[in-house]
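Position 467 of the sequence shown, counting from 1, maps to 488 under this note's numbering, and the rest follow consecutively.
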Amino acid sequence: MDLLPAESSHVLPKKHRFRSLKLVNVNMEEALSETPCGVDYGRLDNGLTYYVRSNSKPKMRAALALAVRAGSVLEDEEERGVAHIVEHLAFSATEKYTNHDIIRFLESIGAEFGACQNAVTSADETIYELFVPIDKPELLSQAISVLGEFSSEVRASEYDLEKERGAVMEEYRGNRNAYGRMQDAQWVLMMEGSKYAERLPIGVEKVIKTVSPQIVKHFYKKWYQLQNMAVIAVGDFPDTQLREELSWWIVEQFEHQKVGAFELILSNGMRVCYKCTDFLDDQVLFTGFSYGGLSEVPESEYFSCSMSSTIAGEIGVFGYRPSVLMEMLAGKRVEVDTKLGAYMRTVYGDCSPSDLETALQLVYQLFTTKVEPGQEDVKIVMQMAEETICAQERDPYTAFADRVRELNYGNSYFFRPIRIRDLQKVNPYKACEYFSNCFKDPSTFTMVIVGNIDPATARPLILQYLGGIPRPPEPILHFNRDALKGLPFRFPSTVIREVVRSPMLEAQCSVQLCFPVELTSENMMEDVHFVGFLSKFLETKIVQVLRFKYGQIYSAGVSVFLGGNRPSKVGNIRGDISINFSCDPDISSTLVDIALDEILRLQEDGPSNEDVSTVLEIEQRAHENGLQENSYWLERMLRSYQSRIYSGDVGSCFEVQDKARSKVRETLTPLTAQLALQRLLPFPCKKQYTVVILMPQTSHMKRLKSFICSAPTRYCTEAKVLMGTAGVAVFLLALWRYSRNSLKS
């Protein structure tokens, strides 16, 4: 591989010589055109530039080059020589080719090493060159795919790097003769005072011998971006053919007309679906997900991995510390965050259309950043984690929610809240390693983008930043949704009523009443909508009774949880419906009984026609509003991708879901609602449920006084006499001890 141009005595083989050179008339007064002359020139949506020219001589041959605008002048001190090392590694090891197989492949199609396949690294650029026969239809495509390997698939493992150090060192030594030293000295003299003088492409011996794979990978990922590259092709082929062969960089694309969305499958495997709307001028929402989450983690590592988002987030998951990033984002409206769930890893965000590029840059940074905490980082983060847990343990509502979760989903390690004593089981280094791996392989992610975006602007950004995320050589956290481990949860089979008492400055009371729900696979699509309608029935009736009839609550909420199930395409789904309200602590249990009576009445008698009409109207208006909201479309599109009926066409999923909704609306009557309440909830409802009530903690004396005052009159009188006698006895005992102490002194 040539570092410097060949000496003049070395001439090109005859087959590479120009047959003729035409004189070109140049008007020195005119500014040079930005458009190349005599070539087919353009820029793909992903940022890659191409220059193509058809040339029939020599016949059935093509000269190809990948020019990368990245050379030695971009190197930091510890990277001196890395640009040249990357060039060597490109021919040595890529995702598809290992152990110089890429050279053997090119030789097998007649492209001799050196003369027909080579590369050169300079201060400003690295250029990879191929001269290949194209007398067979597939050869041009194969050669283009080799350039594709150079562009984004070069490997830099310890093994790969060690194998190339010797070759690079030999090239370094070969340049240390008198002529080479003179050239270097001349270069330094000419470039004195600039960084060019300090960045000879060959690098320095120390870096060549000791540079780590991490430094090489960092340089490669940072500078080998499609917007920094161009493909040049001259050969015996039509101009249009090569544009088609550049499909290695071009994505697959689909239009889902029923949804009004466009889907791209990027070259790194990521699937992106975007929908352009005009609902809000200043909003773009996006969410990306991948299957495989905390349910796959061994119990011994669960606490470390479950805290990985918190720990990594405090250190910086976007390549910068949070405080630094906050300053960098000042004046921009962009938020990007992550979530690690039981079965999925999620990255989501919200930004202004003008800041979409920044948002996608952050996503790129998330996938290319390896979070590595230092000792001081660990100390600070663990201290913050301890303070956070202490604050949570003091929060009444956290204690309330923790107990609800433990009770309804089983007392397994997965549903237990982390305590101070559990922090000793947390390994911050393991947490950061797990987090980095969760967002590393773009091929497992699906990204949905909805909002006020211009496709002409957004599409190139998507291809540049999301398509530019490097795909690791081996899949990382690549799971089949049907093979994920399920969570160990089971709703209690009997009635359980509990009170959680917590210290409060102001007396407050919250109630959560829960029922188990099970949806069968046979009626899954319809039952999902039935559950939605039933939750609205329950909410409406509970508010009518507890507020409008008895005047004891302000509002009530009904929610459905089905997230404990693994996202398999087969089997039933278990979950729960919970009713929440706040009230006076003294009457909380009574209100629970009233709510149970009302739900049982609905199961036995069914709702009225007016109730059904009201719920249908509320649902329809909510649906109409949702059709004009970005969040609604984002949720619908994600639900379609995650649906058990999804098989590659998100538009078909939309259609099936809409038909199921229409069917349920058409068949919803007082009778069908009553039957659904009996079928989906325990019937009668009083045979299986849980109630957890958050109450203010009272002092022991106040509790004793409450017990005494609530006792029958006769026992109350006797208890007061006993308390008085006990008080006199305590007083006499204290007086006797005081007298003895006085005599001793």
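Positions of the beta carbon are idealized from the N, C-alpha and C atoms, including for glycine.
Keep in mind the model is a prediction, meaning the values are calculated, not measured.
### Spatially closest choice to residue 551 from 116, 636, 588, by CA coordinates
636
### Query
In terms of alpha-carbon separation, which member of 326, 171, 673, 670 lies closest to residue 245?
171
### Task
Express the C-alpha separation of residue 118 and residue 128 in angstroms, rounding to a whole number.
14 Å
### Task
Return the first residue and the last residue of the beta strand (DSSP E) that residue 358 is part of.
Counting along the chain, the beta strand (DSSP E) containing residue 358 begins and ends at 355-361.
### Task
Can you have a look at residue 580 and say buried or exposed, based on whether 16 or more other CB atoms are within 10 angstroms of its CB?
exposed
#### Entry: Beta-carbon proximity list for residue 308, same chain, < 7 Å, skipping 5 on both sides
367, 369, 469, 655, 659
### Query
Residues in its own chain within less than 7 Å of residue 281 by CB, not counting five upstream and five downstream?
296
### Message
I need the straight-line Cα distance from residue 547 to residue 593, nearest angstrom please.
### Response
13 Å
### Message
Is the separation between the beta-carbon of residue 563 and that of residue 616 shorter than 8 Å?
### Response
yes
### Task
Quick one: residues in its chain with C-beta nearer than 6 Å to the C-beta of residue 735, no 5 flanking neighbours on either side, listed in chain order?
For residue 735, the predicted model reports a pLDDT of 46, less than 50, meaning its position is unreliable; a value from the coordinates is still stated below. Excluding positions up to five away in sequence, the list is empty.
### Task
Please look up how many angstroms separate the CB atoms of residue 505 and residue 313, rounded, as I've assumed it's under 8 Å.
Approximately 7 Å separates the beta-carbon atoms of residue 505 and residue 313; this is inside 8 Å, confirming the contact.
### Task
Kindly list the residues whose CB is nearer than 8 Å to the CB of residue 538, restricted to its own chain and excluding five residues on each side of it in sequence; keep chain order.
552, 581, 583, 595, 596, 597, 598, 701, 702
### Query
With distances taken from CA atoms, which of 374, 375, 333 is nearest residue 358?
333
### Query
To which residues of the same chain is residue 626 closer than 8 Å at the C-beta, ignoring the five residues directly before and after it?
695
### Query
How big is the Cα-Cα spacing for residue 199 and residue 144?
22 Å
### Task
Can you tell me the Cβ-Cβ gap for residue 326 and residue 188, rounded? I've got them flagged as a contact below 8 Å.
Between residue 188 and residue 326 the Cβ distance is about 41 Å, and since that is not below 8 Å, they are no contact.
### Task
Can you say whether residue 441 is buried or exposed, counting buried as having 16 or more other CB atoms within 10 angstroms of its CB?
exposed
### Contact check, residue 146 vs residue 111, beta carbons under 8 Å
For residue 146 and residue 111, no; Cβs fall outside 8 Å.
#### Entry: Of the listed residues 273, 278, 404, nearest to residue 286 (C-alpha basis)
273
### Query
Apart from the five residues just before and just after residue 790, which ones in its own chain have a Cβ nearer than 8 Å to its Cβ?
Nothing can be reported for residue 790: it is not among the residues displayed for the chain, which extend from 22 to 766.
### Task
Counting only runs of 4+ residues fully inside the region 190-265, write out the alpha helix (DSSP H) ranges in chain order.
199-211, 226-231, 234-244
### Query
With distances taken from CA atoms, which of 682, 132, 186 is nearest residue 163?
132
### Query
DSSP beta-bridge partners for residue 533?
601, 713
#### Entry: Exposed unless 16 or more other CB atoms sit within 10 angstroms - verdict on residue 456
buried
### Task
Locate the alpha helix (DSSP H) running through residue 130, then write down its first and last residues.
It is not in any alpha helix (DSSP H) - residue 130 carries neither H nor E in the DSSP assignment.
### Task
Could you have a look at residue 371 and say whether DSSP puts it in helix, strand or coil?
strand
### Message
Tell me whether the region 336-343 and the region 375-388 touch, counting them as touching only if at least three CB pairs, one residue from each stretch, are closer than 8 Å.
### Response
Judged by Cβ distances under 8 Å, the region 336-343 makes contact with the region 375-388, as three or more pairs qualify.
### Task
Counting only runs of 3+ residues fully inside the region 268-339, write out the beta strand (DSSP E) ranges in chain order.
With a minimum length of 3 residues, the continuous beta strand (DSSP E) runs that stay inside the region 268-339 are 273-277, 282-286, 292-297, 305-312.
### Task
Pick helix, strand or coil for residue 463, following the three-state DSSP scheme.
helix
### Message
Measuring only the C-alpha atoms, how far is residue 177 from residue 238?
### Response
6 Å
### Task
Determine, using beta carbons only, whether residue 236 and residue 102 come nearer to each other than 8 Å.
No, the pair does not count as a contact, with Cβ atoms beyond the cut-off.
### Message
Short of 6 Å in beta carbon distance, which residues of its chain neighbour residue 519, apart from the five on each side in sequence? Order them along the chain.
### Response
713
### Query
Quick one: Cα of residue 406 to Cα of residue 525, how far?
24 Å
### Coarse secondary structure for residue 580, derived from DSSP in three states
strand
### Query
What residues in its chain sit with their C-beta under 6 Å from that of residue 540, if we drop five residues either side in the sequence?
548, 594
### residue 175 burial status per 10 Å Cβ neighbour count (16 or more: buried)
buried
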